[in-house]
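Reading through the structure tokens given below for one structure.
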Amino acid sequence: QVHVVESGGGLVQSGGSTRLSCAVSGSIRIIYAMGWYRQVPGKQRELVATITSSGSTNYADSVKDRFTISRDNAKSTTALEMNSLKPEDTAVYYCNAQINRINYWGKGTLVTVSS
1451 QVHVVESGGG LVQSGGSTRL SCAVSGSIRI IYAMGWYRQV PGKQRELVAT
1501 ITSSGSTNYA DSVKDRFTIS RDNAKSTTAL EMNSLKPEDT AVYYCNAQIN
1551 RINYWGKGTL VTVSS
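What follows is the structure, encoded as structure tokens:
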């Protein structure tokens, strides 16, 4: 069994910064990719950023140069540093871990950016 737990988020002012963290625990051998996705009501969940076990990263165009994803393979954790936040970044952010070609998701954490 695999558990994915996010932390961080909350209310942030426009232009501010916040950091999300995610810890993966359980029956883990190798986590191929870890990532962050976000969703607003009425819209599909969208990719924010991903990072592979070798450190290759991928970002949505809307967050490039503002968000930074990182991971600690030894601790099975990932973090998302979010800077220059905009009201349109308001969403529930979900952590994802790909293990043995299976996607595991956290329950999400809400980030609200006030204008």
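At position 77 of the sequence shown the residue is numbered 1527 (our numbering), and the sequence of numbers has no breaks. Even glycine gets a Cβ: it sits at the ideal position worked out from N, Cα and C.
DSSP on residue i, reduced to helix/strand/coil?
i, result
"ASP1539", "helix"
"VAL1513", "coil"
"SER1457", "strand"
"SER1521", "For clarity, residue 1521 is Arg in the given sequence; the question names Ser instead. Note: ARG1521 maps to strand in three-state DSSP."
"GLY1556", "coil"
"GLY1466", "coil"
"SER1565", "coil"
Bridge partners of residue i, per DSSP?
i, result
"ILE1481", "ILE1549"
"GLN1489", "VAL1542"
"ASN1508", "THR1500"
"SER1526", "None, per the DSSP bridge assignment."
"SER1475", "HIS1453"
By Cβ distance below 8 angstroms, which residues in the same chain neighbour residue i in space, the five residues on each side in sequence not counted?
i, result
"GLU1496", "TYR1487, ARG1488, GLN1489, ALA1510"
So, for residue i: in the same chain, excluding its five sequence neighbours on each side, which residues have a beta-carbon less than 7 angstroms away from its beta-carbon?
i, result
"ALA1473", "VAL1455, SER1526, THR1527"
"VAL1513", "VAL1498, ALA1499"
Please say whether residue j and residue i have beta carbons closer to each other than 8 angstroms?
i, j, result
"ASN1533", "ARG1521", "no"
"LEU1470", "THR1562", "no"
"LYS1536", "SER1464", "yes"
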